[in-house]
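First comes the structure, then the notes that go with it.
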Amino acid sequence: MTSLPSNEPEAPASAQDRLLAALVLAAGLGLLVALPFALRAGAEFFLPLTIALVLSIALVPLLEWQERHGMPSGLAALLCLVVFLVIANGALAMIIVPAIDWFAALPDRIPKIMENLDPVIALYADLQNFIDNTARMVAS
Numbered sequence: 035m036t037s038l039p040s041n042e043p044e045a046p047a048s049a050q051d052r053l054l055a056a057l058v059l060a061a062g063l064g065l066l067v068a069l070p071f072a073l074r075a076g077a078e079f080f081l082p083l084t085i086a087l088v089l090s091i092a093l094v095p096l097l098e099w100q101e102r103h104g105m106p107s108g109l110a111a112l113l114c115l116v117v118f119l120v121i122a123n124g125a126l127a128m129i130i131v132p133a134i135d136w137f138a139a140l141p142d143r144i145p146k147i148m149e150n151l152d153p154v155i156a157l158y159a160d161l162q163n164f165i166d167n168t169a170r171m172v173a174s
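Numbered according to the working numbering, the sequence shown spans residues 35 to 174.
Encoded structure:
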């Protein structure tokens, strides 16, 4: 069987490959640019979903260990959840209690902080004066 000749010239395979590569590259760049905006717009959906996925993956080994040792699946899941909540609350308490103490002592520490930052502030003030003087000399 022979095919009927067409009036359209066939494009070389390399030209088609280049066109396809350019389209894939443009689509990839578009996706890369649009992804942060899409994630920001869907943050109310994606953040809890991501947290749930990470937690479920992190708790699977403990769950499987409990099931291997004869614990029913529902009870093992409940125990994993309780263990996670206890660890999370402990971690928050270990962070929040020292932070409260630090913030309570902050007003007494402000003069020492200012004293320590004086050299840095002076350096930036000198740099600003140098830039201003240089800009004036260039402008005149």
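Glycine included, C-beta positions come from ideal geometry on N, C-alpha and C.
Predicted, not measured: the structure shown is a model, and the values here were computed from it.
(Q) Tell me whether the stretch 87-105 and the stretch 114-130 touch, counting them as touching only if at least three CB pairs, one residue from each stretch, are closer than 8 Å. (A) With a cut-off of 8 Å on Cβ pairs, the stretch 87-105 is in contact with the stretch 114-130, counting three or more such pairs.
**Q.** Rounded distance between the beta-carbons of E101 and A110, thought under 8 Å
**A.** Indeed they touch by this definition, with Cβ atoms about 5 Å apart.
**Q.** G64 to G124 span [Cα, whole Å]
**A.** In a straight line, the C-alpha of G64 is about 43 Å away from that of G124.
**Q.** Through-space distance from Y158 to N150, alpha-carbon basis
**A.** 14 Å
Q: For the alpha helix (DSSP H) containing P70, list its first residue and its last residue.
A: 47-75
Q | F80 beta carbon less than 8 Å from that of L69 | A | It is not a contact, given that the beta carbons lie outside the stated cut-off.
**Q.** Pairwise C-alpha distance: T84 and E78
**A.** 11 Å
**Q.** Bounding residues of the alpha helix (DSSP H) (the contiguous stretch that carries M171)
**A.** 107-173
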